[in-house]
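Residue numbers (my numbering), protein chains in the order written: chain A, 12 to 350; chain B, 12 to 350.
The beta carbon of each residue, even a glycine, is placed where N, CA and C say it ideally should be.
There are 2 protein chains.
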Amino acid sequence: MRVAVLAPVAWRVPPRHYGPWEQFASLLTEGLVEAEVDVTLFASGDSLTTGRLASVMPRGYEEPGPPVDAKVWECLHVSEVFERAGEFDIIHNSFDFLPLTYSSLVSTPVVTTVHGFSSEGILPVYEKYNRGTDYVAISDSDRHPKLDYAATIHHGIDTDAFALHPAPGEGLLFFGRIHPEKGTAAAIDVARRSGRPLTIAGIVADREYFETEVAPHVDGVNVSYLGPVGPDARRELLGEAHALLHLIDFEEPFGFSVVEAMASGTPVVAYRRGSMPELIGHGRDGFLVGDADEAVRAVDSVAALDRPAIRRRAVARFGRRRMVDGYLAVYRAILARAG
Amino acid sequence: MRVAVLAPVAWRVPPRHYGPWEQFASLLTEGLVEAEVDVTLFASGDSLTTGRLASVMPRGYEEPGPPVDAKVWECLHVSEVFERAGEFDIIHNSFDFLPLTYSSLVSTPVVTTVHGFSSEGILPVYEKYNRGTDYVAISDSDRHPKLDYAATIHHGIDTDAFALHPAPGEGLLFFGRIHPEKGTAAAIDVARRSGRPLTIAGIVADREYFETEVAPHVDGVNVSYLGPVGPDARRELLGEAHALLHLIDFEEPFGFSVVEAMASGTPVVAYRRGSMPELIGHGRDGFLVGDADEAVRAVDSVAALDRPAIRRRAVARFGRRRMVDGYLAVYRAILARAG
């Protein structure tokens with residue numbers, strides 16, 4: 012089977028730090044290669060893969076360097092895979108809605124991993140191509156009632172890249188974009204009321220929020236801000252934390268950091284929204300809470316959880332191979348249907 | 012011959028006031044209909060045409076009303092014409108670069124009127140599709156040295172919609188976007204030094220420039236600002252002016268207001284940049300000048316020009332039929348080449 016994986020071109024694949032869609036594209040590509048599928052990854056030219064790399068631009072448009080016109084390079088990147096459609100049995104779109112609008116001009120089937128809806132404004136594209144292409148939801152919570160889905164497939168991660176920490180500490184961790192949606196300020200509040208230090212890692216996605224709600228609390232003792240961090244620091248931070256605070260203010264469709272924390276044996280305290288109830292076993296992998304008071308109590312309660320068991324469950328549920336098998340089943344069903 | 016005209020979807024076709032690309036799409040479509048071509052205009056649903064209208068959105072995304080996601084509707088609009096490519100002998104793109112990236116997925120030839128380069132950043136798309144599609148320049152001055160062109164075709168207008176004014180006044184006119192590129196402030200300066208009132212009409216395309224460089228001079232006597240105006244007011248303003256001031260600060264690829272002024276017999280005083288030397292007969296239709304001092308002298312000199320002769324030349328050179336014949340020749344050459 013010949014599969015084209017179409018990644019975004021905001022960041023390198025895999026991302027140096029932030030870039031969950033690029034992270035997914037990398038995990039999928041490497042997993043498909045491992046499953047002996049013939050994979051071509053369409054991504055920025057500095058991307059790393061054991062599959063074949065196809066690039067029209069040298070680096071992602073969000074990476075440091077001279078500014079480039081994202082709209083120009085996105086359409087050149089997307090059209091490239093469709094112009095080469097005849098080389099592939101499946102085009103797997105991890106790029107959001109734009110590729111859908113090229114899909115009916117080629118005969119190669121298109122599978123789209125829907126990474127969530129940035130707004131209801133993008134729904135008309137998904138509705139138009141609901142019949143002609145196949146969608147995969149990344150959580151049941153993210154399924155849109157107006158759309159049909161071939162499957163829900165939770166993201167899988169490289170669980171070998173995470174491990175139980177030999178000596179977890181007392182500190183709490185916020186890991187993700189600094190943005191109101193992600194609840195950075197709520198994490199600062201809960202950490203303070205818990206009497207525990209908080210480490211914050213992630214890109215600043217909302218500068219004003221960072222300046223007003225986060226930066227004034229950063230003192231390097233009670234609250235530390237590390238900026239975005241790469242894989243090594245991530246592994247250490249996630250493993251070492253007493254708990255990950257994931258006090259989100261939106262219906263998050265999936266959370267890589269939540270699964271990565273659990274793969275490190277680290278409990279997660281999360282607001283009961285979006286995909287969180289699908290990812291976190293309440294009272295076993297951490298706690299699903301409804302407000303800050305509950306979160307503060309949960310932070311104390313996680314001490315009683317069995318960290319090796321948290322990791323074991325995460326490895327069983329969120330391994331990359333399980334995700335790849337899920338996608339291979341979707342591809343095979345489409346190809347069987349096409350005859 | 013069956014032609015699809017792909018207009019932008021920022022404004023209605025024809026535009027209520029501003030919208031030069033939409034204005035071109037309307038002039039072309041109506042001219043093709045007049046030439047008994049079977050034309051389908053792809054544009055916003057409120058557009059007006061004697062051809063067939065095809066729309067995926069009810070109104071342009073720049074028109075008043077609830078905000079819509081331009082990126083979403085642009086790709087739905089563009090893909091629509093390519094999904095229907097089999098119905099047409101020619102797809103005529105008046106939408107800039109995005110449609111080019113769909114062009115090699117269909118067998119219908121694509122002709123693109125290049126309305127200018129908003130930045131060098133968009134050039135990679137034009138370069139990629141230089142071989143597979145046909146470009147038409149709207150002036151020789153706008154031809155990019157890296158691209159090949161099937162022709163240069165100056166825009167044609169409906170010259171019957173403009174007329175000699177029975178009693179032209181002493182005032183000067185600025186007509187266009189309020190933007191540093193268009194030289195609104197230079198027009199205010201030259202009018203003041205000429206001792207003549209200035210009327211300004213057009214949308215505010217640069218709010219800060221308007222507030223700092225234009226609004227402080229607007230007193231309703233020496234300098235008046237009318238906002239954007241529709242066809243009736245345009246005809247009156249262009250006809251009544253002593254001269255149109257077109258003191259541009261960029262290499263403007265074409266100027267509808269310049270040609271419309273001349274079709275009204277009104278002389279134009281323009282900076283000698285971009286397409287201006289191609290459009291304005293120096294010393295006959297107005298004056299091409301290099302700085303404000305020259306412009307002030309030219310404003311006096313235009314009184315000696317023969318306004319009926321200016322209109323006659325404009326009617327001969329910039330009629331819609333001449334433009335349509337130029338495009339029909341391009342279409343026929345492409346179809347002959349395709350066999």
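query, result
"Cβ shell of Tyr220 (chain A) (< 8 Å), same chain only, five flanking positions each side left out", "Ile189, His190, Pro191, Thr195 and Ala196"
"Within chain B, partners of Lys193 (chain A) - CB distance below 9 Å", "Near Lys193 (chain A) there are no residues of chain B at all, since even the closest Cβ is about 23 Å away, more than 9 Å."
"CB contact flag (Gly255 (chain B), Leu249 (chain B), <9 Å)", "According to the sequence displayed, residue 255 (chain B) carries Leu and not Gly. For Leu255 (chain B) and Leu249 (chain B), yes; Cβs fall inside 9 Å."
"Cβ distance (whole Å) where Ile211 (chain A) is taken to contact Val240 (chain A) below 8 Å", "The pair is not a contact, with the Cβ atoms about 10 Å apart (cut-off 8 Å)."
"Within-9 Å CB hit, Leu109 (chain B) to chain A", "yes"
"Classification of Ser114 (chain A) by the beta-carbon crowding that lies within 10 angstroms, buried from 16 upward", "buried"
"Within 9 Å, strictly: CB atoms of Ser105 (chain B) and Thr123 (chain B)", "yes"
"Members of the stretch 52 to 75 of chain A near chain B, C-beta cut-off 8 Å", "none"
"3 or more residues per run - each beta strand (DSSP E) lying fully within the stretch 15 to 64 of chain B", "49 to 53"
"Alpha carbon of Tyr338 (chain B) to alpha carbon of Ile164 (chain B), nearest angstrom", "8 Å"
"Where the alpha helix (DSSP H) containing Phe185 (chain A) begins and where it ends", "Careful: Phe185 (chain A) lies outside any alpha helix (DSSP H), inside the beta strand (DSSP E) at Leu183 to Phe186."
"Whole-angstrom C-beta distance between Asp153 (chain A) and Asn141 (chain A), which should lie under 8 Å", "Wrong, their Cβ atoms sit about 15 Å apart, outside the cutoff."
"Secondary structure of Asp107 (chain B), DSSP reduced to three states", "coil"
"For Val232 (chain B): DSSP bridge partner residues", "DSSP lists no partner for Val232 (chain B)."
"Inter-stretch contact (C-beta, 8 Å, three-pair minimum) for the stretch 322 to 338 of chain A and the stretch 26 to 41 of chain B", "no"
"Opening and closing residue of the alpha helix (DSSP H) in which Gly194 (chain A) lies", "Where Gly194 (chain A) is concerned, there is no enclosing alpha helix (DSSP H), given that its DSSP letter is neither H nor E."
"Cβ contact check for the stretch 308 to 315 of chain A and the stretch 12 to 21 of chain B: 3 or more pairs under 8 Å", "no"
"In DSSP terms, what Arg13 (chain B) is bridged to", "B:Asp49"
"Test item: CB-CB of His126 (chain B) and Asp107 (chain B) under 9 Å", "yes"
"Selection from B:Cys86, B:Ser268 and B:Arg27 that minimises the alpha carbon distance to Pro75 (chain B)", "B:Arg27"
"Residue-chain proximity (Pro135 (chain B), chain A), Cβ-Cβ < 9 Å", "yes"
"Lys139 (chain B) classed as buried or exposed, judged by whether at least 16 other C-beta atoms fall within 10 angstroms", "buried"
"Validate contact between the stretch 202 to 217 of chain A and the stretch 55 to 62 of chain A using beta carbons, cut 8 Å, 3 pairs", "no"
"Candidates B:Glu271, B:Arg95 and B:Phe265, of which the one nearest Phe173 (chain B) by Cα", "B:Glu271"
"Residues of its chain near Val335 (chain A), where Cβ-Cβ distance is below 8 Å and the 5 sequence neighbours each way are ignored", "Leu39, Gly42, Leu43, Glu45, Ala46 and Gly167"
"Exposure label - Lys157 (chain A); buried when at least 16 CB within 10 Å", "exposed"
"Pairwise C-alpha distance: Glu251 (chain B) and Val181 (chain B)", "In the sequence under discussion, the amino acid at residue 181 (chain B) is Glu, which differs from the Val named in the question. Straight-line Cα distance between these residues: approximately 8 Å."
"Local Cβ density within 10 Å of Leu184 (chain B), reported as buried at 16 or more and exposed below that", "buried"
"Cα-Cα separation between Leu175 (chain B) and Ala96 (chain B), rounded to whole angstroms", "43 Å"
"Cβ of Glu94 (chain A) within 9 Å of any chain B Cβ", "yes"
"Separation of Ser90 (chain A) from Arg218 (chain A), as counted between CA atoms", "33 Å"
"Cutoff 9 Å: Trp32 (chain B) Cβ touching any chain A Cβ", "no"
"Any C-beta of chain B under 9 Å from that of Val117 (chain A)", "yes"
"Minimum C-alpha distance to Glu262 (chain B) - residue among B:Gly62, B:Pro110 and B:Ser286", "B:Ser286"
"According to DSSP, residues forming a beta bridge with Thr366 (chain B)", "With chain B represented from 12 up to 350, any question about residue 366 (chain B) goes unanswered, as that position is not in the structure."
"Between the CA atoms of Pro227 (chain A) and Tyr147 (chain B) - distance to the nearest angstrom", "The residue you asked about is not Tyr; residue 147 (chain B) is Val in the sequence shown. Near 57 Å, if we compare the C-alpha coordinates of Pro227 (chain A) and Val147 (chain B)."
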